[in-house]
Structure formats: structure tokens, C-alpha cells
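In the order they appear, the protein sequences are chains A and B.
Throughout, the working numbering is defined as the position within the first sequence, counted from one, plus 40.
Throughout, the working numbering is defined as the position within the second sequence, counted from one, plus 5.
The C-beta atom is built at its ideal place from N, Cα and C for all residues, glycine as well.
Below: one structure, written as C-alpha cells.
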Amino acid sequence: MMDTENSSKKLLKQYGILAGIIVGLFGLLTGIIVLSENKWHTGLREEIIDVLEEKAPGEWIVGEYVGINAPIALNSVCFQVRRKDNGARKYAVLIRIETIYGPLPAVFLYNDKSVAKFIGIAGLHGRVQKVIEDESDDARINYWIKRIPDIVRNTATPAYSGVGAIK
Amino acid sequence: MNRKSIYVYIAATLAMVVPAPGRFVCGIILVLELNFLMLVGTLIKSFIYHFKLQTIGNVLLLSVMIAATMFVRQILVLTIPLLAVQLGFVIYLPTVSSFLIGYMFGSEGLSLSKDISRNMLQCLFYSVYALIFFLFRDIAGFGTITLLTRHGIYEKVLFDSGKISALVFFATIPGALVCSAVILILHVYVINKITILENLEHIND
Numbered sequence: 041m042m043d044t045e046n047s048s049k050k051l052l053k054q055y056g057i058l059a060g061i062i063v064g065l066f067g068l069l070t071g072i073i074v075l076s077e078n079k080w081h082t083g084l085r086e087e088i089i090d091v092l093e094e095k096a097p098g099e100w101i102v103g104e105y106v107g108i109n110a111p112i113a114l115n116s117v118c119f120q121v122r123r124k125d126n127g128a129r130k131y132a133v134l135i136r137i138e139t140i141y142g143p144l145p146a147v148f149l150y151n152d153k154s155v156a157k158f159i160g161i162a163g164l165h166g167r168v169q170k171v172i173e174d175e176s177d178d179a180r181i182n183y184w185i186k187r188i189p190d191i192v193r194n195t196a197t198p199a200y201s202g203v204g205a206i207k
Numbered sequence: 006m007n008r009k010s011i012y013v014y015i016a017a018t019l020a021m022v023v024p025a026p027g028r029f030v031c032g033i034i035l036v037l038e039l040n041f042l043m044l045v046g047t048l049i050k051s052f053i054y055h056f057k058l059q060t061i062g063n064v065l066l067l068s069v070m071i072a073a074t075m076f077v078r079q080i081l082v083l084t085i086p087l088l089a090v091q092l093g094f095v096i097y098l099p100t101v102s103s104f105l106i107g108y109m110f111g112s113e114g115l116s117l118s119k120d121i122s123r124n125m126l127q128c129l130f131y132s133v134y135a136l137i138f139f140l141f142r143d144i145a146g147f148g149t150i151t152l153l154t155r156h157g158i159y160e161k162v163l164f165d166s167g168k169i170s171a172l173v174f175f176a177t178i179p180g181a182l183v184c185s186a187v188i189l190i191l192h193v194y195v196i197n198k199i200t201i202l203e204n205l206e207h208i209n210d
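Here you go:
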């Protein structure tokens with residue numbers, strides 16, 4: 041009887057320790073996730089600005105962050121962008137795409153009056169960048185060009201209805 | 006280097022290194038993560054044996070390892086968010102690799118200091134191997150060198166982007182497979198030579 045009682049107490053103590061550690065880890069992770077949320081947006085916004093400035097210097101202003109309501113949000117971000125000369129507005133999407141060179145962060149521009157356009161790869165220069173950007177019919181990039189409209193439709197704000205759409 | 010450790014290297018390379026982008030900076034992050042996970046795992050295992058928590062040992066170890074991986078990802082989000090996007094699921098691969106699991110459950114009964122020195126030494130050998138792999142792919146394949154700095158990623162283009170070389174193959178996933186085989190052969194060759202020299206020294210003594 042005493043043995044069973046001791047054994048139960050021991051087990052209860054062990055599972056108590058386990059539950060305590062798991063709750064502690066959960067709290068720690070929740071804290072760091074909340075802390076890092078702002079940096080996630082600002083850091084990736086800077087990367088989108090760099091790519092747009094490189095491909096079309098002085099043409100675009102990157103605006104507000106737009107939340108994506110889909111699991112893909114873990115590997116992507118969406119921002120509103122506005123063209124400086126005519127005020128045309130679009131969405132800039134930075135998303136991780138699988139290529140033959142491994143996963144790379146690609147930047148696309150889209151509004152609902154036109155098809156999505158591949159702009160470039162963030163943080164990549166040199167010959168591989170040239171190979172990817174020169175290859176106009178890459179199946180993986182074409183796949184994401186088709187997917188981007190669905191992703192933008194799942195954002196927190198509705199897609200632009202072609203205000204000053206780019207020709 | 007025995008046959009078992011060669012198999013561990015092959016499995017670990019296929020699981021952790023080949024799917025990752027072949028940039029040196031990605032290699033640095035993955036190697037740091039692997040070492041951190043090995044240290045955390047070894048300490049937790051020692052904690053389990055010290056406090057006789059074997060009943061909940063496996064669940065506790067796995068919970069802490071998963072939390073440690075998520076912690077690494079969030080640190081990456083805080084410091085270099087672009088790498089967090091680029092690496093994506095690759096960050097979670099070291100946690101489930103045979104390398105980490107194999108060393109984590111293969112040294113029961115050792116003291117904490119012996120356990121740490123044994124596991125970290127193995128991790129260090131593999132880290133050197135992985136870093137050589139990433140450095141070669143970055144320079145030969147991508148024609149660049151990428152480093153971690155206080156301000157994020159530093160990238161220097163080494164070769165003229167206008168000249169497309171056949172070496173671009175090493176930047177691809179099939180190129181990574183070929184590259185891993187070549188580096189593994191060289192690695193095994195060097196380790197075996199060192200072992201032969203050590204054995205000769207023992208005989209001479």
C-alpha cells in the first residue's frame with residue numbers, strides 16, 4: 041500500500057516537473073515571438089526596399105505591412121507599395137521559393153489588374169542571380185506568379201481594385 | 006573514422022546540409038544551431054539522469070530540443086529576418102537529424118564533463134566539415150562570399166556576374182550531392198591518414 045502511494049507520489053512529482061518545464065518553455069517562446077514580430081516586419085520591409093531600389097531606383101515607396109491570413113505567412117510577408125510618379129498602388133510580396141539552388145527569398149509585385157511580376161531575389165548577387173533573372177520561363181517562378189494572387193486575396197485588407205494600375 | 010561514423014556523416018549531410026542554400030552564411034547559422042542544440046541536449050540528458058527523471062526523460066528531452074530550435078529561429082528573426090525566411094524548414098532539420106539523436110542517446114552512464122567533451126568534439130568535427138562544404142559552394146557555385154556581420158549579411162561578389170561558369174553546378178542541389186561525396190572522401194582520407202600516423206607513433210613508443 042505504502043509502495044503504491046510512494047510510487048504515485050514520485051510519478052506525480054515527475055509529471056509536475058515536466059508540466060512546469062513545458063509551461064515555462066511555452067511562456068519563454070511566446071515572449072520572444074511577441075518581441076520579434078516587429079523586427080520581422082521592419083527587417084523584411086528593408087529587404088523589399090533594397091530589391092525594388094536595385095531593379096527600379098527611386099520608383100517605389102514601400103508602405104504598410106499587410107497581414108497574410110494563411111499558413112504561408114510563416115515564410116512570406118506582404119507590403120503595400122506606391123509608385124512615386126503616378127501614385128499607382130500594388131502589393132510587394134517577399135516569399136521563400138524552392139529553386140534548384142535551394143530555398144531563396146523572391147520578391148513579386150502584384151495588383152488585381154495585372155499578373156504578378158517577379159522582381160528579383162533578396163540578398164543574392166552574382167552569377168546565380170543573373171542565371172535566375174535571365175531565365176524567363178522558370179517553372180518554379182511561374183508557379184509562384186500564379187499563386188501570388190491567391191496569397192494577396194488572403195491578406196487582412198482587400199486587394200486594390202486597380203487604382204492607378206500600372207500599364 | 007569508423008564505418009558507423011561515415012554513415013552518420015552521410016545521413017547528417019543529406020538531412021541538414023544538402024537541402025540548405027549553399028551560402029557560407031547559412032552554413033555558419035546551421036553549425037551554430039547544431040552546436041547549441043548538442044550542448045542543450047547533453048545538459049538536459051545529464052539533468053534527467055541526475056534527478057532520476059527517466060520516466061519522463063524522452064518527452065522532456067524532445068520538448069526542450071523543439072523549444073530550443075524555435076528559440077534559435079526567433080533569435081534569427083530578431084537579428085537577420087531574411088535568413089529566417091530563406092532557411093525556413095531547414096532550421097528544424099538538425100533537431101531531427103540522426104547526428105544529434107545518435108549522439109544524444111548513445112552515451113548513457115558517462116559523467117557530464119565526459120559527455121559534453123565527447124559530444125561537442127564530434128559536433129566540432131562535423132561543423133568543420135559542413136563549413137568547408139558551404140564555403141566551397143558559396144565561392145565556386147555562387148561566385149560570392151557571404152559572412153555574418155553586426156549589421157546582418159555581408160556579401161562580396163568574387164567572380165564577374167557576366168561570365169557564367171560551369172561551376173554554377175555546385176550551387177545547385179545535384180551539385181551539392183556531388184560536392185558532399187567529394188568532401189566526404191577527402192575528409193575520410195585525411196582522418197584515416199591521421200589515424201595511421203597516430204598508430205605508428207604508438208608502435209614506436
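*Among all the DSSP beta bridges, which residues are the ones paired with P145 (chain A)?*
A:R136
*Between the region 113–132 of chain A and the region 63–77 of chain B, are three or more C-beta pairs nearer than 8 Å?*
no
*Using a cut-off of 9 Å between C-beta atoms, extract the partners of P143 (chain A) located in chain B.*
P24, A25, P26, V90, Q91, L92, G93, F94 and V95
*asked:* Using a Cβ-Cβ distance cut-off of 8 Å, determine whether R180 (chain A) contacts chain B.
replied: no
*For R123 (chain A), which residues does DSSP report across the bridge?*
A:W100
*asked:* Check for me: the alpha helix (DSSP H) holding I34 (chain B) runs from which residue to which?
replied: F29 to H55
*Contact between the region 21–39 of chain B and the region 174–184 of chain B: three or more CB pairs below 8 Å?*
yes
*If you drop the 5 nearest sequence neighbours on each side, which residues of the same chain put their C-beta closer than 8 Å to that of M125 (chain B)?*
N40, M43, L44 and T47
*asked:* Can you tell me where the beta strand (DSSP E) holding V162 (chain B) begins and where it ends?
replied: G157 to V162
*Under a CB-based cut-off of 8 Å, is I34 (chain B) close to chain A?*
no
*Nearest CA to the CA of V133 (chain A): which residue from A:N151, A:R167 and A:R123?*
A:N151
*Using a Cβ cut-off of 7 Å, pull out every chain A residue sitting near I53 (chain B), in sequence order please.*
Chain A residues near I53 (chain B): none, gap ~10 Å exceeds 7 Å.
*asked:* I need the straight-line Cα distance from F29 (chain B) to A110 (chain A), nearest angstrom please.
replied: 31 Å
*Can you find a C-beta in chain A that's less than 8 Å from the C-beta of V64 (chain B)?*
yes
*What's the gap between the Cα of I140 (chain A) and the Cα of D210 (chain B)?*
53 Å
*asked:* Give me the chain A residues within the contact set of A72 (chain B), using Cβ-Cβ distance strictly less than 7 Å, ordered along the chain.
replied: L65 and L69
*Cα separation between I188 (chain B) and N197 (chain B)?*
14 Å
*asked:* Tell me which residue opens and which closes the beta strand (DSSP E) that L152 (chain B) is part of.
replied: T149 to T154
*Coil, strand or helix - I88 (chain A) by DSSP*: helix
*Using a Cβ-Cβ cut-off of less than 9 Å, list which residues of the region 124–150 of chain B approach chain A; keep chain order.*
G146, F147, G148 and T149
*According to DSSP, what are the bridge partners of S116 (chain A)?*
A:I135
*Taking Cβ positions, are V192 (chain A) and Y131 (chain A) nearer each other than 8 Å?*
yes
*Could you work out which residues of chain B lie near G83 (chain A), taking near to mean beta carbons separated by less than 9 Å?*
V82, L83, T84, I85, P86, L87, A89 and G157
*C-beta contact flag for F138 (chain B) and V13 (chain B) at 8 Å*: no
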